[in-house]
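Taken in order, the sequence shown gives residues 1 to 295; the numbers are from UniProt numbering.
The next block holds one structure in the form of structure tokens; read it before the comments.
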Amino acid sequence: MFFDNIFRKVLLPSTVVIVLLVSGCEPPPQKNQPSTQQSAQQASIPKAKGGLRAPPTETPYTLAYFEPTPENPEYGTLMVNDHAFLVPEGVPRPSIQSVYLLSHWEIKPGESVLDIGTGSGVQSIFAAEISDHIVATDISARAVETAKLNVQRFGLQDKIDVRPPGDLFTPVKPGERFDVILFNIDYPTNQYTQFWWEVHERFFAQVRQHLKPNGRIYYQIGYIDNIPRVKAMTDKNGLRIMRLRMDERLIFLRAPIVFLLQSETDVREQLRREEMAYERQIEADKHRDGQVSAD
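Dropping the structure here:
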């Protein structure tokens, strides 16, 4: 009931982007010009305040997709800032949500990165601006081929190891562990896509054995009503949610909601505080607007 209240009052029913930072802990006793006829996407997303850019900059990430041309009928072109990625039919195009993940990870020099569900290789290529050791995987042979192509176009073969196609951690070598794991695959969006939870459950069941001590996971959750399900999976597998960030600035809110979840924090209590703060802000805005009108 409380979560229903949150959805109605605070975030409204729309595409909420949520980035989850998960860390390992001791297991519990028993975690070209866009055509008007094409689906061109453009969005401004704040850049990371962590390792991806140094020094931090306010220049936003921009995203736009251009359909294949007669000169290059096999590939469309995805522009992320000044980076041009080739994306063929059959390989999912990175979305606004995927680009938003770029703005919230923190990758430090010298850290190793595993990018699961790399698609066209966008996340791995941006991560390579900081990390020299990145493993990119995907279950789709077409996606792996595309990621390799884009990695070669950027000249990053010495930093990014695009593995043969495989499910989840199958392409990972025995004993191979990572400081950072990026997990950005499809998530359930309605009653017909609930089967995706099985993939997410297997991911959380296996991920600890591939994390280094103090390693972390950046996980794109999709919608706020997925939080309880994800929290249950992390708790079950000896993981804890360290940070959760939501952004709906493109639609309703003036700024993202950002809050921390420690292992001992009650998710509902944290959300209740956010709701109260949001309502106080609404009242303050109404009061200020009333004063302006009176003047």
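The beta-carbon is built from N, C-alpha and C at its ideal position, and this holds for glycine as well.
Taking the CB atoms as reference points, tell me whether residue i and residue j lie closer together than 8 Å.
i	j	result
I134	D161	yes
P88	E106	no
D179	G238	no
K125	L156	As written in the sequence, residue 125 is Ile, which differs from the Lys given in the question. Taking 8 Å as the Cβ cut-off, I125 and L156 qualify as a contacting pair.
E111	S140	no
I116	F183	yes
I221	Y187	yes
Look at the alpha carbon of residue i and the alpha carbon of residue j, and state the distance between them as a whole number of angstroms.
i	j	result
D158	K148	12 Å
R208	K173	15 Å
D289	I282	10 Å
P68	V122	18 Å
P109	E129	9 Å
N190	K286	35 Å
P213	N72	46 Å
M276	H210	39 Å
R240	Y223	19 Å
Y219	R280	30 Å
P92	A284	43 Å
Let me check understanding here. Comparing Cα to Cα, which of the options lies closest to residue i?
i	options	result
R177	T189, I217, G117, A284	I217
V151	F85, I130, R142, L78	F85
N81	E71, L156, T69, Y65	Y65
R142	H200, R153, P164	P164
A232	E201, Q220, K212, Y219	E201
I185	G175, E198, F154	E198
Y242	Y223, H104, G166	Reading the sequence as shown, one finds Met at residue 242 and not Tyr. Of the candidates Y223, H104, G166, the one whose C-alpha sits nearest the C-alpha of M242 is H104.
H83	R229, A127, Q206, V91	A127
Q206	K236, R229, I221	K236
P94	P70, N72, T146	T146
G166	A136, F154, A284, G175	A136
Assuming residue i contacts residue j under a Cβ cut-off of 8 Å, what Cβ separation, rounded to an integer in Å, is found between them?
i	j	result
V113	L63	With a Cβ gap of about 21 Å, V113 and L63 do not count as contacting.
D138	T118	5 Å
L78	S120	7 Å
F204	T234	6 Å
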